[in-house]
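Numbering (the UniProt record's numbering), first residue to last: 1 to 174.
Written below as structure tokens is the structure these notes are about.
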Amino acid sequence: MIDVQAIIAATTAFVQNNHALAAPIVFGLAFGESLALVSFFIPATVLLLAIGALIEASGLHFFPIWLAAATGAALGDAISYWFGFHYKERAKTFWPLSKRPDLVARAEDFFHRFGVWGVAIGRFFGPVRAVVPLVAGVLAMRQTHFQMANVASAAVWAFAMLAPGAAAFKLFGF
């Protein structure tokens, strides 16, 4: 079993001791969190919230770290979309999605229900977060519509992940 607390402690300590690597690390976390077949294995949400607190605690600048998170999230979703668009229905048969057909079905329902808004809204809903872009690709959503929703929601999502930690530290000192 993965010790999430140990991962959080090690990652935040590393970022705190290596300020220059904060943005690339945040990029990698957001990218992995948004990549359809990888997101199941990365506890990025908790890590990004913790790194948000480090922004204030360590005197890091918010904008470059926010931009790294937004860019990583948008790129991860773009690759997931491409993967779905390229492999079509076969994409659903790749591991670990093949073990979670219920998750794929939920993502498809979500996408059918909300369309382009589903891409933007889906980013904020746990397990379907990384599967919705894949489904958008499988169902051949127009690339321009997908990318507009993708980039806009990535910017908002990155802010939502980083700002609470930064604000909590600034307000309460933790």
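All residues carry an ideal CB built from backbone N, CA and C; glycine is no exception.
Item: Opening and closing residue of the alpha helix (DSSP H) in which L47 lies; Value: A44 to A57
Item: Test item: CB-CB of R129 and G122 under 8 Å; Value: yes
Item: Other residues of its chain near L49: CB distance less than 7 Å, five sequence neighbours each side excluded; Value: M161, P164 and G165
Item: Whole alpha helix (DSSP H) elements within the stretch 69 to 155, 4-residue minimum; Value: 101 to 114, 116 to 122 and 131 to 138
Item: Euclidean distance between Cα positions of F111 and V135; Value: 7 Å
Item: Residue environment, F63, which counts as buried when at least 16 other CB atoms sit within 10 Å; Value: exposed
Item: V4, enclosing alpha helix (DSSP H) - first and last residue; Value: V4 to N17
Item: Proximal residues to A23 (C-beta, below 6 Å), its chain only, five neighbours per side dropped; Value: P64, I65 and A68
Item: Range covered by the alpha helix (DSSP H) that runs through L29; Value: A22 to S34
Item: Assumed close pair H19, L60 - CB separation to whole angstroms, cut-off 8 Å; Value: 6 Å
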